[in-house]
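Undergrad: Just so we're aligned: 22 in full-length UniProt numbering is position 22 of the sequence shown, and the numbers increase by one with no gaps anywhere. Cβ coordinates follow ideal geometry from the N, Cα and C atoms, glycine included. Fair warning: this is a prediction, and the values are worked out from it, not measured in the lab. Quick one: the structure is below, questions incoming.
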Amino acid sequence: MSPESSSKNNYVLSQLTFRELEILKEVKKGRSCQEISDKLFIGIETVKTHRKNIINKLGLKGKLEFRKFIMTLLAEESIRIYGNSPQSPPKG
Numbered sequence: 001m002s003p004e005s006s007s008k009n010n011y012v013l014s015q016l017t018f019r020e021l022e023i024l025k026e027v028k029k030g031r032s033c034q035e036i037s038d039k040l041f042i043g044i045e046t047v048k049t050h051r052k053n054i055i056n057k058l059g060l061k062g063k064l065e066f067r068k069f070i071m072t073l074l075a076e077e078s079i080r081i082y083g084n085s086p087q088s089p090p091k092g
């Protein structure tokens, strides 16, 4: 993960609203639209609208690119936590 990629992602994420960031956080945890809806006490269509808005603000072209972006965020988070070590994260 390059520093440019990380700083670009940080800039893009700063363009999202608080609620969009909440939705993104739940998506990163692997939660479905229904699960997010239940957790945040909002309608499922509202969750879907937020996801569409996130995709548009990120300049992505659909769900596949959105999933790739989520994977990039998870990889960056893992590197921040565990470093660039090829080892598995510590169990605990």
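In whole angstroms, give me the CA-to-CA distance for residue 39 and residue 66.
TA: Straight-line Cα distance between these residues: approximately 21 Å.
Undergrad: For residue 43, I'd like the list of residues in its chain whose CB is within less than 7 Å of its CB, leaving aside the five on either flank, ordered along the chain.
TA: Answer for residue 43: 37, listed in chain order.
Undergrad: Which word fits residue 79, buried or exposed, when buried means at least 16 other C-beta atoms lie within 10 angstroms of its C-beta?
TA: Classification for residue 79: exposed.
Undergrad: Which parts of the UniProt domain "HTH luxR-type" (9-74) are runs of the alpha helix (DSSP H), unbroken and 4 residues or longer, counting only runs that do not cross its ends?
TA: Within the UniProt domain "HTH luxR-type" (9-74), the complete alpha helix (DSSP H) runs of at least 4 residues are 18-28, 33-40 and 44-58.
Undergrad: With 16 other CB atoms within 10 Å as the buried threshold, where does residue 24 fall?
TA: By the neighbour-count rule (16 or more Cβ atoms within 10 Å), residue 24 is buried.
Undergrad: Quick one: residues in its chain with C-beta nearer than 6 Å to the C-beta of residue 11, no 5 flanking neighbours on either side, listed in chain order?
TA: No residues qualify anywhere along the chain.
Undergrad: Please classify residue 69 as buried or exposed, where buried requires at least 16 other C-beta atoms within 10 Å of its C-beta.
TA: Classification of residue 69: buried, given that the 10 Å Cβ count is 16 or more.
Undergrad: With a threshold of 16 other CB atoms inside 10 Å of the CB of residue 54, please say whether the residue is buried or exposed.
TA: When all chains shown are included, residue 54 counts as buried.
Undergrad: Sort 50, 74, 49 and 60 by Cα distance to residue 30 and report the nearest one.
TA: Here the closest residue by C-alpha is 74.
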